[in-house]
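Position one of the sequence shown corresponds to residue 263 (our numbering), numbered consecutively onward.
Don't be surprised by glycine CBs; every beta carbon is placed ideally from N, CA and C.
Predicted model, so just to flag it, every value in this text is computed and none were measured.
Worksheet: one structure, shown below.
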Amino acid sequence: FTRRLNNFNEDFFAAERVSDIWEKSVRLPGQINTPQNEGAQNISQDGNWLVFTGCNRPDGQGSCDIYISYKTPEGWSPAFNLGGKVNSDQWESQPSLSPDKRHLYFASRRFGGLGGSDIYVSTLLPSGKWSEPENLGPGINTAGDESTPFIHADNQTLFFASNGLPGYGDEDLFVVRKGNDGSWGKPENLGYPINTIDHEGSLFIAADAKTAYYASDRGDSKGGLDIYSFELREDVRPAKTLWVKGKVFDNKTSNGLPSSVELIDLASKQVLSKVQTDETGNYLITLPVGKDYAFNVARKGYLFYSDNYSLKNKAADSTYQKDIPLQPIEVEAGVVLRNLFFETAKYDIKPESEVELDKVVQFLQENPTVKIQLEGHTDNVGAAADNEKLSSARAYAVVNYLVRKGIKGTRLVAKGFGASKPIADNKTEEGRSQNRRTELRILEK
């Protein structure tokens, strides 16, 4: 949070909560605080980036600009101006980072907007630079002022304040959701008694999707803007989320590996989140509950990692620890394709498998000298000959898919092993489920 002492400019402070009691607050360590004003801060979900607003600074491009600071072992780094695409010669403020740090939402009074202040989004490019900001459009922005955007941990639900949309008073709080096609729906007023005839803004929703905090100068405030808390009503709550965190490392040396971690909705095939680990391979990624996901990890020179998270009936009360060993690309290295699904007792590939198979296509395109074997496996239910036939047919089905996608057949071998190579106990359903699998193995590199 920010604090102004002795009528000087605001600095950043933090307090820790121990046994439900808040400890004494202290200034953020490092070089982020300066004689200038720092405010309107937002910390990335992994805790490593802090974006904020700085006004009237020597390196500023407008009256107020957006800056970023990075967490280091010594504290927070000196702040960097995000530059001439995010910042203009006007006013930019109130940044909010998406949970994967790929999108930055903020308010701006730049020329070309639809009213006073509008909400924009900028995308982090592979080069590490931010894209030209995109106005969220007339469905959200009006001839009035839209401000204090907050993108929830589900990466789909945006809360903001507006005095241009129909409301109760000075400035009201609204919610809008992003569809599978990436377009925004219709904003909905959060209603009374949250919104009043006075000013409401700066909403923050906790990861439990129901605990909310916001600022208001309503009639019962102690003066100016006060912070209030309430429980968000169920029909406007974002998706509940849980987290997966861990470390990506080389399976031979155990050294951490900077890698790309990707989360894909299997039903829509939409990439919901894509994060880069830190330099030591540590990562944190958010999973909205209620869907099934492909979880992929990749690094050049290594065989990709594949996992599956089925969260359709999962409570949002957990943090999973998932350390991921990556195998260097070498002969006999292999990976289980955990997001490859077939119709029961058939070799027909289910549509949701395309996410995984396209990852194999990408891997082969990026490594044009690699030759692979697709290996089909079954459980021990049924006749051995039938199982071997089915496993072989499934392996060939994968090969045929890859050939249709442009991979040369000379780089692909299909082989069925039936139930001869179990990796789990066939006496349990869970074990049999693990044994029904397709593996990718490197034959030549």
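Quiz item: Of all the beta strand (DSSP E) runs that stay within the bounds of the stretch 414-478, which reach a length of 3 or more residues?
Solution: Runs of beta strand (DSSP E) with 3 or more residues, each lying fully within the stretch 414-478, are found at 419-424, 434-439, 462-467 and 473-478, listed in chain order.
Quiz item: Does DSSP put Thr-606 in a helix, in a strand, or in coil?
Solution: Residue state, collapsed to three classes: coil.
Quiz item: Could you give the uninterrupted runs of the beta strand (DSSP E) lying entirely in the stretch 338-391, keeping only those of 3 residues or more?
Solution: As far as the stretch 338-391 is concerned, its whole beta strand (DSSP E) runs of at least 3 residues are 354-359, 365-370 and 380-385.
Quiz item: Quick one: any contact between the stretch 512-530 and the stretch 494-501, if contact means 3 or more CB pairs under 8 Å?
Solution: Verdict: no, contact absent.
Self-check item: Arg-364 versus Val-593 - alpha carbon distance
Solution: When rounded, the distance between both Cα atoms is 35 Å.
Quiz item: Looking only at C-alpha atoms, which of Arg-372, Gln-298 and Ser-360 sits nearest to Pro-340?
Solution: Nearest option by C-alpha distance: Gln-298.
Quiz item: According to the Cβ coordinates, are Phe-604 and Lys-612 closer than 8 Å?
Solution: It is a contact, given that the beta carbons lie within the stated cut-off.
Quiz item: Any idea if Thr-296 is buried or exposed, counting beta-carbon neighbours within 10 angstroms, 16 or more meaning buried?
Solution: The residue in question, Thr-296, is exposed, as its Cβ has fewer than 16 Cβ neighbours within 10 Å.
Quiz item: Is Pro-500 near Asp-554, with beta carbons less than 8 Å apart?
Solution: Not in contact: Pro-500 and Asp-554 (Cβ atoms no closer than 8 Å).
Quiz prompt | Backbone CA spacing between Glu-408 and Gly-378 [nearest angstrom] | solution = Taking the straight line from one Cα to the other gives about 8 Å.
Practice problem: For Asn-343, I'd like the list of residues in its chain whose CB is within less than 6 Å of its CB, leaving aside the five on either flank, ordered along the chain. | Solution: Once the five neighbours on either side are set aside, the close Cβ partners of Asn-343 are Asp-321, Asp-327 and Tyr-329.
Quiz item: Are the beta-carbon atoms of Thr-700 and Val-665 separated by less than 8 Å?
Solution: Contact: no.
Self-check item: Proximity winner among Val-623, His-639, Leu-366 and Asp-380, relative to Val-632 (alpha-carbon distances)
Solution: Ranking Val-623, His-639, Leu-366 and Asp-380 by Cα distance to Val-632 puts Val-623 first.
Exercise. Assign Pro-520 to one of three DSSP states: helix, strand, or coil.
Key: Coil, per DSSP.
Quiz item: Start and end of the alpha helix (DSSP H) containing Ser-695?
Solution: Going by DSSP, Ser-695 is part of the alpha helix (DSSP H) stretching over 691-697.
Practice problem: Locate the alpha helix (DSSP H) running through Leu-626, then write down its first and last residues. | Solution: First-last of the alpha helix (DSSP H) with Leu-626: 616-628.
Practice problem: Examine the Cβ distances between the stretch 439-451 and the stretch 481-491 and report whether three or more of them are shorter than 8 Å. | Solution: The stretch 439-451 vs the stretch 481-491: no contact.
Quiz item: Does the distance from the CB of Ile-467 to the CB of Phe-492 come in under 8 Å?
Solution: Taking 8 Å as the Cβ cut-off, Ile-467 and Phe-492 do not qualify as a contacting pair.
Quiz item: For Tyr-567, which residues does DSSP report across the bridge?
Solution: In the DSSP output, where bridge partners are listed per residue, Tyr-567 has Val-559.
Quiz item: Which one or two residues does DSSP pair with Arg-279 in a beta bridge?
Solution: Answer by DSSP bridge pairing, in chain order: Trp-284.
Quiz item: Based on Cα-Cα distance, which residue from Leu-528, Trp-505, Lys-677 and Gln-538 lies nearest to Leu-519?
Solution: Measuring from the Cα of Leu-519, the nearest candidate turns out to be Gln-538.
Quiz item: How is Glu-637 classed by DSSP in three states: helix, strand or coil?
Solution: Strand, per DSSP.
Quiz item: Which of the three DSSP states, helix, strand or coil, is assigned to His-650?
Solution: The sequence shown places Glu at residue 650, not His. Helix, per DSSP.
Quiz item: Distance, Cα to Cα, Gln-352 vs Phe-368?
Solution: If you draw a straight line from the Cα of Gln-352 to the Cα of Phe-368, it is about 13 Å long.
Quiz item: Quick one: what's Val-598 bridged to in DSSP?
Solution: BP columns for Val-598 point to Glu-701.
Self-check item: Straight-line gap, Trp-284 to Leu-602 (C-alpha atoms, nearest Å)
Solution: Distance between the alpha carbons of Trp-284 and Leu-602: 48 Å.
Exercise. Can you say whether Leu-705 is buried or exposed, counting buried as having 16 or more other CB atoms within 10 angstroms of its CB?
Key: By the beta-carbon neighbour count (other beta carbons within 10 angstroms, threshold 16), Leu-705 is exposed.
Practice problem: Give the DSSP bridge partners of Pro-550, in chain order. | Solution: According to DSSP, which records beta bridges pairwise, Pro-550 is partnered with Thr-503.
Quiz prompt | Rounded separation between Asn-642 and Ser-389 - CA only | solution = A direct Cα-to-Cα measurement between Asn-642 and Ser-389 gives close to 50 Å.
Quiz item: Got a sec, what are the start and stop residues for the beta strand (DSSP E) Val-313 sits in?
Solution: It spans 311-317 - the beta strand (DSSP E) in which Val-313 sits, taken as one unbroken run.
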